[in-house]
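Residue numbers (numbering that gives the first Met the number 0): 0 to 393.
All C-beta atoms in this analysis are idealised placements derived from N, C-alpha and C, irrespective of residue type, glycine included.
As the structure is a computational prediction, the values presented were derived from the model and not from experiment.
One structure below.
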Amino acid sequence: MESEEKEIENAVRLLQYTKQDINEVCPVTQRLYFPSQGEYLEAKSNIKLLDFDEQFVERLQSGESLVFKGNGDEKLVFCTEDETYEVKEGEISNSLVICPEFLYNEDIKKINGDKRKVQKQLISGIYHSYLELRLTFPKLRKLRKFLAPTVYTGPDHEDNVSNKGYYLTELLENIQCSREELLNGLKDISACCIDGRWRLLSLKYESAVLSLIVGLMEEQGSNLINKKDAKKILGPKVPDFITDHILTNFATCSEDDNDVFLLKEDKVSRCFAEALLTAAGGTFLLDEFMKTWKASLPPGMEVNLHHLRGLALTEKGKSDEDVICLFQEYNLPENISERFRLLFKRKEKWSFDEIMPYIEKLATKAMNVNALLTKFSRASTVNGVRVFGARHAN
């Protein structure tokens, strides 16, 4: 190692070679050097460069938690309290040297004295890539599968259930999405919070309780249901928390009385339709289905295939009869290319209204539904109707 005097002498000579006025140059010269190979590799492996937007800095400063998530073969994502970002690797055209203790102008001004000195600075790594964040959709497909062992089928069957559900913190640790997106996802799959743990309700049990509530309304000759009355009548058979859950998910609260609820036609009809199709093995003659479906609804409610968006498709059966089949959006893969491949395998041509419910959850602010269709499908016109098919033959 050179002596300090020799290092200063070399620094001054270098300044002279570059025709710098020594009196106008700060007295601190920083000399960058590499540690031993082992120390260098260890230091570099402990550092990842992340292109961080100012909004994330502000969120951290305000106390918000920002989390990286990914287990096993899952691709890494970055989650705020309300959004999910995919993590991509970007390339840097020039080498980027990381020197954690490097002194900038403001730091040097704080050093007392004008005696020239040489400051040794350790290089932690040279990088040619960095991580960048791109807004994406929440990875919620795993949620239903994760909760599958927790299915609640009624109080009489609880002794046979070993998994009593998961706390929200446990779900946040395992599901790649933000807290807000997770809560919306739990609501979307009609999950129920029982004793602080989240569980799925069996479709059979959920539709049965809903039928009991519809029956009470019909007995009373009203399209409204009083929650207190419903709990009193159903109490011996249905736990109060289930009655609360059903009314919260399938009804709206009256503006005049928080205990009075009006059933939502779209939610109720969709639940009964899924129960009918599931009981029939997933396929039903369309005419027969529409009659049975209509009969299952309370007076005043109408059947509407629009209520089954993302749940079922109408198509031609083997005898060229119109049939309706279960085709649930939540069973499709989250990989966009693979989802489009399976959609076009199931059906060669889709209208916009048909395909929309099967891809809208993959859309983001950066890539909306129209952008997805442009990138992953080919548009054409059949009998005056714009339809979408595969970009390439399977």
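Practice problem: State the Cα-Cα distance for the pair residue 385 and residue 335, rounded to the nearest angstrom. | Solution: 21 Å
Practice problem: For residue 245, write down the residues that DSSP places opposite it in a beta bridge. | Solution: Beta-bridge pairing links residue 245 to no other residue.
Quiz prompt | Where residue 371 falls: helix, strand or coil (DSSP) | solution = helix
Exercise. Name the one or two DSSP bridge partners that residue 224 has.
Key: 260
Practice problem: Express the C-alpha separation of residue 354 and residue 314 in angstroms, rounding to a whole number. | Solution: 14 Å
Practice problem: Report yes if the CB atom of residue 128 is closer than 8 Å to the CB atom of residue 88, and no otherwise. | Solution: yes
Practice problem: Excluding the 5 residues preceding and the 5 following residue 32 in the sequence, name in chain order all residues of the same chain whose CB lies nearer than 8 Å to its CB. | Solution: 119, 120, 121, 122
Self-check item: Alpha-carbon to alpha-carbon, residue 304 and residue 132
Solution: 39 Å
Quiz item: Per DSSP, residue 129 is paired with what?
Solution: 89
Exercise. Leaving aside the five residues before and after residue 115 along the sequence, list all residues of the same chain whose C-beta is less than 6 Å from its C-beta, in chain order.
Key: 7, 26
Quiz item: In three-state DSSP terms, what is residue 396?
Solution: Absent from the model: residue 396. The displayed extent of the chain is 0 to 393, so no value can be given.
Exercise. Look up residue 21 in the DSSP assignment and say whether it is helix, strand or coil.
Key: helix
Practice problem: Using the Cα positions of residue 291 and residue 197, report the straight-line distance between them to the nearest angstrom. | Solution: 33 Å
Exercise. List the DSSP bridge partners of residue 193.
Key: 196
Practice problem: Would you kindly check if the distance between the Cβ of residue 232 and the Cβ of residue 208 is under 8 Å? | Solution: no
Practice problem: Indicate the three-state DSSP secondary structure (helix, strand or coil) for residue 387 in the structure shown. | Solution: strand
Self-check item: Distance, residue 213 Cα to residue 261 Cα
Solution: 11 Å
Quiz prompt | Paired residues, beta bridge with residue 321 - DSSP | solution = 315
Practice problem: Just the C-alpha distance for residue 155 and residue 387, rounded to the nearest angstrom, thanks. | Solution: 49 Å
Self-check item: Pair within 8 Å by beta-carbon distance, residue 325 and residue 284
Solution: no
Quiz item: Would DSSP call residue 282 helix, strand or coil?
Solution: strand
Practice problem: May I ask you to list the residues that DSSP assigns as paired with residue 51? | Solution: Note: residue 51 sits in no beta bridge, so no partner.
Exercise. Could you pull the start and end residues of the beta strand (DSSP E) that residue 77 belongs to?
Key: 76 to 78
Quiz item: Within this structure, are the beta carbons of residue 274 and residue 202 separated by less than 8 Å?
Solution: yes
Practice problem: Could you tell me the distance, in whole angstroms, from the CA atom of residue 319 to the CA atom of residue 286? | Solution: 13 Å
Quiz item: How long is the line joining the alpha carbons of residue 19 and residue 84, rounded to whole angstroms?
Solution: 48 Å
Practice problem: For residue 60, name the three-state secondary structure that DSSP assigns. | Solution: helix
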